[in-house]
Every structure is written in structure tokens, then in C-alpha cells.
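Below: one structure, written as C-alpha cells.
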């Protein structure tokens, strides 16, 4: 100890001077005072009783050296230091700092946290001295320095010697992992022997580190023919193969990772060598032998984790029987969730790879999987991820062996085990599926049940099968139809069901043959476009309250009131007003169209242009009428589009084109006049951003802009006027309800002003009547079909990827189990118990979740304002001799009311 103290004392650091002797002294001292991280060292720098004084002195000189570096850094000439002897000394010091730091261990008293922190700070200053960001750059950018460091380390890595320098092992690993691929290639013949020196030890910790280093070396040597021809891979393989028989948990995962990389490297360089296949067989045979007899949970987990990477779809097929037996055994004796999770993940791999051989060995897997499912479902708390993985395995197995699977699942004994807790939604399982015919599948059956409104046929099959979830075939596509609130809400809430059927012929035909717009889009493009559109549309009153939009609507309502009270001012208006008779929904077209166009373009068309707006709405209605909420025949067989308007496709395309032409004409005028700078509205905003190159993205284009505008305009042009017409038809059939709503409006609003959005909460009964009409007349009975983006589960069903999911909102809104008396028009169901306030709205006319109709707030605003204003100003009644039937509807994408003449008289 006295000698060490003298050495430290001789290193007097003062006056900010630096010389070679100082660095050499410090380098020699660091060799003497280096303290191993582990307590198995053969020597100690001092006795334990002197430790505190010794460590304080070392820490003091660490501080002094760092202080020196801090003083000299501003005056350092890097070129001069690099050419002096001291530069190599500094690098050696840095090397020893790494040895001290190791992996920043603070568990051993010989390397306490304070000293390690000081060493780290000192290493950062050395990095500054050499103008590098990390020590790894200092040691690995120069080949000579790197080789010298390896030579310095190698003697410290020999058996027993490393016990004095255990951090040298960690330092070697650190260096190997610092060089980016393929930087080690020119050092392979230096680093590999060193790795094998570490590997040739009996200390588990060092062997694990050696395996990690060998794995890194193999990464750098990938596809190097020389590495194979010189026999190095054989040497590594022989060394690793001996370890496969040892039962040490820490070895297994890195060991088999290295072996897999060796086999892969050989296969990539030369696929004609038989070495890879024969050795892979030997390794898998040994691994399976270990797995079959092993009872240790940690070893079972490690073995199962290592297995999938070794499997290939050809060379390993011979092991299929043993694999299925082991998988079944691991599933039946599941006591560790970690092992069970990797077992099921391995089962997915096996079922995917060996689909030809699985049927011969599937019975044992069915039994194990179904029993496991029962056990997990009986557990009060279970891992949801494991359940879903298990159900994916059952689905894969069922898909490979449907005949065997059906007989096993329907076996009475297996049903006892399952207790009907698991249902597999599979095309061959017809228990809840409408039978199909050629070409159109189940669509024939839907048409047979109700030709005009085929979606209504589902009600019959719900009663027949006593199920709220029905399967059917729309052409070649298997489709699941959800008819109850719980399943509909769940699907609309989960992102794995957000897919759209953008590949259908009508979806492409309406969008320039591309995947554009919002309605029929999905994935990242849909998220990106929808986010941008809604962000900007809200600024103009679409989706949130906007006083300018409210004022524009009041102006439109005043025009409507004047038109009804004082009569038409031109020939076109005479077509919708005849004395006290008004044609619905045509009379409402200008209001709805003008409001959405104001948001799109920033400008409102005056009364002289209302005929243009009526034509626009007529195009939207033709589009909706030309489609089918079920998708229709043209969606199944696109070639039917060549048969004119026999299947409504011409109306579908012409109506769509009418809106496109209207929007495109506006955009062309913008481009022609270059007048977007002062324009407000979504179209000018989008165009300005695109013109200014704000979008570094091909998804933003003129065609995309047109289709986004069309998608947002369609509901406002057709659905809003249709809903208002449905509403007044119900009011005429229930005059007592209409009278109560009118009285409420007069009591709250009076006659001096028009109702506004602030009055909505004060008019609960009026709002309840709107909600009840939206429930009873679900405009989009099947909404827009969804597609499952990944294999998943829904309630107790497994849903395969790409399955079509239909949310039958019409059936959900007429579910007796949920609504009690859905066939009765009863607005009170949406009021609180005392009838004074609005209750919870359980209906979903606009959908829910991420696919919620983006225009819901805008639509509800227009609906309330128009309905409340008309009820305030007028009485409505049927025309004598012209009964207004509630079931006079037009089928299509939305269910529209037929045009109806209604007698309107001013309220006194």
C-alpha cells in the first residue's frame, strides 16, 4: 500500500502542464490500481481495511486529472497531440477507463458508483481531446488502433488470467458490438480466436458473453465465401455443437441463435452444400430430444423459444409428428405462462410451414388446443394475448383440416369440454351461415327474401338461427353480419376492423380507377388524408361550432321561409312549390347543398343559383340510388357494368361524375385565375398547400382533393334532405308528437327569432323526436362494409384476416332485446325518466369509433336547425287523396324517401 501511495504522490499535477511522463505515470498507475468487478480476483490493490483511504486517494487524482484536461482543452492542438507519444498513452488510458467502467456495474465495493462516474466523466473529456463523440470512435475508426487494443486484451482473456481482469471480457464484447456491419470483416481472423478463447471456459457468464460476440462476428461475416472455405464456420459449429448437450439455461437462446446464423450463412453462400441440411437435422434432433424429457420450466421456455428459428418448410418436414406431439404435451401441461406463450407462437409457425403434413397429426393438436382453451376460460384472470394466439392456432388448424375439425368440434365429449365457449368463423362452417348458390353466393337468397331491400332478409335468418351474428357469401367473399349493439359497438371500436373494400369494382370506378378519397380507403393513406381534412374543415365550421356558418344557415332558412310564404320567384321554383303544397326533399336541396359548399369553397351561392344546387343534390341522389347497401351485383361481378343501367350502375357512375365535374370546374377556375390566396374554404386551403409544395407526399394530388371533397359532400347533398323528409312524414303520421314539439319550441324560443344551436339542450323533446326518426329510419342499413386487417377474435369467434364485416345498423336499431318495442315510434325513450332532459343516446346512425361519420356534428346541426325552424313557422299535413306512406322508400346505398308533396300552412 505504501508503494501505491508513493506512486500517487509522485503524480503531482500543477500549472496546467502536460508531458509524456505524466501520461506514462498515469498509465502505469492505472494498471496497478485497476480493481476487478468480481470478488474472485487473485490479487487486491490493497487490504480491505485500507480500502477507504485508498479509494479516496484514487478519486482525488481522478478529479485532478479531469481538472487538468478541463484546463488544457481550450489550448489543445489536436495535430500536435496526435503526433506525440502521449497520444498512444491517452488511448491506452482510455482503454483502461473502459476496463474500469465495464458495464457500469455498481454492485461491487471495489468499483463504487462514485469512482465509475468519475471514470465515465474522464472518458468524456478524453473524447473531447480527440474531437470524437464516443470512445468507440476513438478505438474503432483506425484499424491499427483496433488491432493493438485486441492484442492488449487477448492475454487478459486466457483461462484464470481473466479473473484478475474480468472487465476485459466485457470490454471485448463492447468493442465487437461498436463496429457497424460489415466493419469487422477485415478483422475476422483476429477477433474470432479471441472469442473462442473466452468461449473455451467453464464460467457460464463468460460463455454467454462469448456467444454474443460470436453471434456478432457471424453477422459481419454473412455471405463471405472465404470464411466458409477456410473452415472457420466448421470450427465455430463444432465448438457450439458440443454445448447443445449441456443443460445451462443461459446458454440455450444465444447458442441456437448462433447455430441458426451459421446454417443460414452457408445456405446463402452456396445452396448446393449438403452440410446445412445434415447439420440442421442433427441440431433439431438434439433439441427435440432435450425438449421431450425436460421438466425444468426455465429450460422448457428456453428450448421452445429457440425452436422456431431452426424450422424450414422443406428440410424439417420429417419432424412434423414429433413437433406436434411436443406442442400438445407442452399445451396440456401448462404451468408457466411464458412457456405457454412461446409454445403457441411456435405452433403458429409449425401450422404455417407444414400445412401438407399437419392433417395426418391434427387430432392430438385439436384435443390439446380445445382443452387448453377451456382451462384458460375457466381461469378468473387470464392473459388476453395468449387466448388470442391460441384461437389463431385453432383457426389455422381448422382451415387446414375442416372436415376433421368439424367432426371433432361437434363431438359431444368435446362440446362438454368447450361448453360452447368457442366458435370458429370459417367458410366451411355453415351453422350460422346462409347457404349459397353459384356466382352470387348468398346474395341470391337475400334477393329472394326482399328484392328491393335485400338487407331485410337477415331478420329472417336471425330468427331461424337464433343468433345475432350471421355469416353469408357475397359472391366469393365470406361475410359476417353483426346485428346487435354489443358486437357492432366492439367492431367499430377496434382498429383491426378498420379496413375497407377498396378493391371492389364500383369503388375504383368512381375514383379514377385508383384508391382515393376517404369512404373506401384505409391504412396510412386514409389516416393521413382524414387527419388533414378534418383539421382544416373544422376551421370552416365542419365538425365544430362556427358562428359564420350559423349566420349563413339563418340566411338560407329565411330564404326558405320566404319561398314558402310568398311563393316562387322563377319557373324552376314553381316545380317544387304549388300553392300551399311543397315538394320534399327537393325544397331542402339548396339549404343542404349551399351549407356544405360554403365550407368547401368559402362562398355561398345566392337564390338565383339554387337550381344549380338542386341539380347537384339530384346527382348525389342518383349515385345513392344506383348503389346497394349490400354491395350489389356489380360489386360481385364487375362485368355487369356493361349492361347499361340494368343494375343501376349507370346512375351510380353518372351521379358520381356530376359531383366530380362540379368540384373539378371550381378547381379549374382556381388554377385559371390563380385566385386562391384570398379564398377561404377547404378546397382553396388544400390547393394552396399543394401548390406551395407543403406536401412532400404523392398521396396529396388534385385527384385526391376531388375525391375527398366528393366524399364529404355526398352525405350533405342526399342524406340530410332525406332524413328531414323522413322526419316530417313521421310527424304527419303522429300529429300529437308534432304538436308537442311545436309547443315546446314556441315556449322556449318564441316567434320573434329563429331557433339556434343554443336552444338544442332547451328543447329535449324536439331533439328526442329527431333521434327516434334516425333510429327508425336508418339511412345506411348496412353502413359501409369493413374488412378485417388481421386474424383476430370477436366475442367468442375467431375472425380470419380479410373477412368482410358488416355492421347491420338497421337490425341493431330494431333489436327487441335491446329496445323493447323498436317498432313503436316513441321519442320518450331518449329522454330522462322525468322527461325534462335528454337521456343517453344508444343509437348509432352515424356509426362509431375511428370510422365514425366525419360529418355527424355538421349533419345534426343542419337537421336540428331546419326541423326546429319549420316546426316553429308552419303546420304540415297530408294532401287529401294522396296518402303519405312511411314505407314509400327508394333502395340504394342509403334508403331515401320518395319525393312527397306535403301541405304546409303558416302557423298563426
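Numbering (my numbering), first residue to last: 825 to 1732.
Even for Gly, the Cβ is constructed at its ideal location relative to N, Cα and C.
Bear in mind the structure is a predicted one, so any value in this text is a computation, not a measurement.
Task: Cut-off 8 Å between Cβ atoms - residues of its own chain near residue 1332, not counting five sequence neighbours on either side - done: Excluding positions up to five away in sequence, the list reads 1326, 1338, 1339.
Task: Residue range of the unbroken alpha helix (DSSP H) whose run includes residue 1061 - done: The continuous alpha helix (DSSP H) containing residue 1061 extends over residues 1056 to 1065.
Open item on the list: Could you tell me the alpha carbon to alpha carbon distance between residue 1661 and residue 1697, rounded to whole angstroms?
Closed with: The C-alpha of residue 1661 lies about 24 Å from the C-alpha of residue 1697.
Open item on the list: Just verifying my parser: in three-state terms, what is the DSSP assignment at residue 1408?
Closed with: Secondary structure of residue 1408 (DSSP, three-state): strand.
Open item on the list: Tell me which residues share the same chain as residue 863 and place their Cβ nearer than 6 Å to its Cβ, disregarding the 5 neighbours each side in the sequence.
Closed with: The predicted position of residue 863 is uncertain, since its pLDDT is 36 and thus under 50; a value taken from the coordinates is nonetheless stated next. So no residue of the chain qualifies.
Task: Proximity below 8 Å, CB of residue 1688 to CB of residue 1594 - done: Taking 8 Å as the Cβ cut-off, residue 1688 and residue 1594 qualify as a contacting pair.
Task: Whole-angstrom distance between residue 1112 and residue 1135, CA atom to CA atom - done: Near 12 Å, if we compare the C-alpha coordinates of residue 1112 and residue 1135.
- [ ] Would you identify the three-state DSSP class for residue 1698, choosing helix, strand or coil?
- [x] The three-state reading of DSSP puts residue 1698 in strand, counting E and B together.
- [ ] Could you tell me if residue 1279 is buried or exposed, where buried requires 16 or more neighbouring beta carbons within 10 angstroms of its beta carbon?
- [x] It counts as buried.
Task: Minimum C-alpha distance to residue 1178 - residue among 1224, 1163, 1207 - done: Closest by alpha carbon: 1224.
Task: Own chain partners of residue 1731 with C-beta closer than 7 Å, once the 5 adjacent residues on each side are dropped - done: Cβ neighbours of residue 1731 beyond the five flanking positions: 1697, 1698, 1699.
Task: Residues bridged to residue 1257 [DSSP beta-bridge criterion] - done: Paired residues: 1295.
Task: Distance, residue 938 Cα to residue 948 Cα - done: Cα-Cα distance, rounded: 16 Å.
TODO: Check whether the stretch 1159 to 1172 touches the stretch 1119 to 1135, taking contact to mean three or more Cβ pairs, one atom from each stretch, closer than 8 Å.
DONE: Taking one beta carbon from each stretch, the stretch 1159 to 1172 and the stretch 1119 to 1135 have 3 or more pairs nearer than 8 Å; the two touch.
TODO: Using three-state DSSP, classify residue 1725 as helix, strand or coil.
DONE: Three-state result, residue 1725: strand.
Open item on the list: Applying the 10 Å Cβ sphere with the 16-neighbour rule, what's the burial state of residue 1307?
Closed with: Only buried fits residue 1307, as 16 or more other CB atoms lie within 10 angstroms of its CB.
Open item on the list: Here's a check: name, in chain order, each residue in its chain whose Cβ is nearer than 8 Å to the Cβ of residue 1212, leaving out the five neighbours to either side.
Closed with: If the five residues before and after residue 1212 are omitted, its C-beta is found closer than 8 Å to the C-beta atoms of 1616, 1617, all from its own chain and listed in chain order.
Task: Residue range of the alpha helix (DSSP H) that includes residue 1275 - done: No alpha helix (DSSP H) holds residue 1275; DSSP gives it neither H nor E.
- [ ] Mind checking who residue 1730 pairs with in its DSSP beta bridge?
- [x] In DSSP, residue 1730 forms a bridge with 1698.
Open item on the list: So, at 6 Å on beta carbons, what are the nonlocal neighbours of residue 1400 in its own chain, with the 5 sequence-adjacent residues on each side left out?
Closed with: Only 1407, 1410, 1411 meet the Cβ criterion.
Task: Range covered by the alpha helix (DSSP H) that runs through residue 1444 - done: Taken as a continuous stretch (DSSP letters only), the alpha helix (DSSP H) holding residue 1444 covers 1434 to 1450.
Open item on the list: If I follow the unbroken beta strand (DSSP E) through residue 1306, where does it start and stop?
Closed with: Segment 1301 to 1306, the beta strand (DSSP E) holding residue 1306.
Task: Residue from 1218, 1371, 1162 whose Cα sits closest to the Cα of residue 1622 - done: When each option's Cα is compared against that of residue 1622, the closest is 1218.
Task: Inter-stretch contact (C-beta, 8 Å, three-pair minimum) for the stretch 1585 to 1603 and the stretch 1556 to 1575 - done: Because the criterion of three Cβ pairs below 8 Å is met, the stretch 1585 to 1603 and the stretch 1556 to 1575 touch.
Task: Contacting residues, own chain, Cβ-Cβ under 6 Å from residue 769 (five flanking each side not counted) - done: A question about residue 769 goes unanswered here, because the residues of the chain that appear run from 825 up to 1732.
Task: Residues of its chain near residue 1252, where Cβ-Cβ distance is below 6 Å and the 5 sequence neighbours each way are ignored - done: Model confidence at residue 1252 stands at a pLDDT of 45, short of 50, so the residue's coordinates are unreliable and nothing is read from them.
Open item on the list: Let me confirm a value: residue 1277 is counted as buried when at least 16 other C-beta atoms fall within 10 Å, else exposed. Which label applies?
Closed with: When all chains shown are included, residue 1277 counts as buried.
Task: Inter-residue CB distance, residue 1479 and residue 1450 (contact presumed, cutoff 8 Å) - done: Between residue 1450 and residue 1479 the Cβ distance is about 6 Å, and since that is below 8 Å, they are a contact.
Task: Whole runs of the beta strand (DSSP E) within the stretch 1474 to 1537, excluding any shorter than 3 residues - done: Counting only runs of at least 3 residues, the stretch 1474 to 1537 fully encloses no beta strand (DSSP E) element at all.
TODO: Decide if residue 1110 is buried, meaning its Cβ has at least 16 other Cβ atoms within 10 Å, or exposed.
DONE: The residue is exposed, with fewer than 16 neighbouring Cβ atoms inside 10 Å.
- [ ] With distances taken Cα to Cα, identify the nearest neighbour of residue 1074 among 1105, 1414, 1129, 1021.
- [x] Sorting 1105, 1414, 1129, 1021 by C-alpha distance to the C-alpha of residue 1074 places 1129 at the top.
TODO: Tell me, please, which residues DSSP counts as bridged to residue 1616.
DONE: In the DSSP output, where bridge partners are listed per residue, residue 1616 has 1623.
TODO: Please look up how many angstroms separate the CB atoms of residue 1744 and residue 1022, rounded, as I've assumed it's under 8 Å.
DONE: Limits of the chain in this structure are 825 at one end and 1732 at the other, which puts residue 1744 out of reach.
Open item on the list: Would residue 1678 and residue 1189 be called neighbours here (beta carbons separated by less than 8 Å)?
Closed with: Between residue 1678 and residue 1189, the CB-CB gap reaches or exceeds 8 Å.
- [ ] Please state if the CB of residue 1529 and the CB of residue 1503 are separated by a distance shorter than 8 Å.
- [x] Contact flag unset, no.
Open item on the list: For residue 1266 and residue 1273, I'd like the C-alpha separation in whole angstroms.
Closed with: Cα to Cα, the separation comes out at about 11 Å.
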